[in-house]
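K.L.:
According to my numbering, the sequence shown is numbered sequentially starting from 801. Where a beta carbon is used, it is the ideal one built from N, C-alpha and C, also for glycine. Right, I'll just put the structure down here and ask away after.
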Amino acid sequence: MSTTSDFYLAQADKCASDAAATSLTQVRDRNLRAEAAWRSMAEKILLTEQTRARRDAAKDEAAA
Numbered sequence: 801m802s803t804t805s806d807f808y809l810a811q812a813d814k815c816a817s818d819a820a821a822t823s824l825t826q827v828r829d830r831n832l833r834a835e836a837a838w839r840s841m842a843e844k845i846l847l848t849e850q851t852r853a854r855r856d857a858a859k860d861e862a863a864a
């Protein structure tokens, strides 16, 4: 995992805990939407990193 994906996941966890801690519906909904957005960004970054690693491994294998 990269620092960026770790940050995104940490932000998502914070939003989730903020949502759980509030009694205000609109604040909870806003935090849940933000959590979903942070998790989506983290998933995209992780997928990109995995794809890049596979591509680099294939390049190295082809060069050998």
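Would you check if there are 3 or more beta carbon pairs closer than 8 Å linking the segment 829 to 842 to the segment 806 to 814?
P.N.:
yes
K.L.:
Within 10 Å of its beta-carbon, does A842 have 16 or more other beta-carbons around it, so buried, or fewer, so exposed?
P.N.:
One-based indexing of the sequence shown puts residue 842 at position 42. Around the beta-carbon of A842, 16 or more other beta-carbon atoms lie within 10 Å, marking it buried.
K.L.:
Give the straight-line distance between the Cα atoms of A820 and R828, rounded to the nearest whole angstrom.
P.N.:
The residue you call residue 820 lines up with position 20 of the sequence shown. The residue you call residue 828 lines up with position 28 of the sequence shown. Using only the alpha carbons, I get a separation of about 7 Å.
K.L.:
How many whole angstroms separate the CB atoms of I845 and S802, which I take to be in contact at a CB cut-off of 8 Å?
P.N.:
Reading the sequence shown from its first residue, position 45 is the one you call residue 845. Reading the sequence shown from its first residue, position 2 is the one you call residue 802. Rounded to the nearest angstrom, the Cβ distance from I845 to S802 is 7 Å, consistent with a contact under 8 Å.
K.L.:
I need the DSSP call for S823, collapsed to helix, strand or coil.
P.N.:
Taking the first residue of the sequence shown as position 1, residue 823 is located at position 23. Coil, per DSSP.
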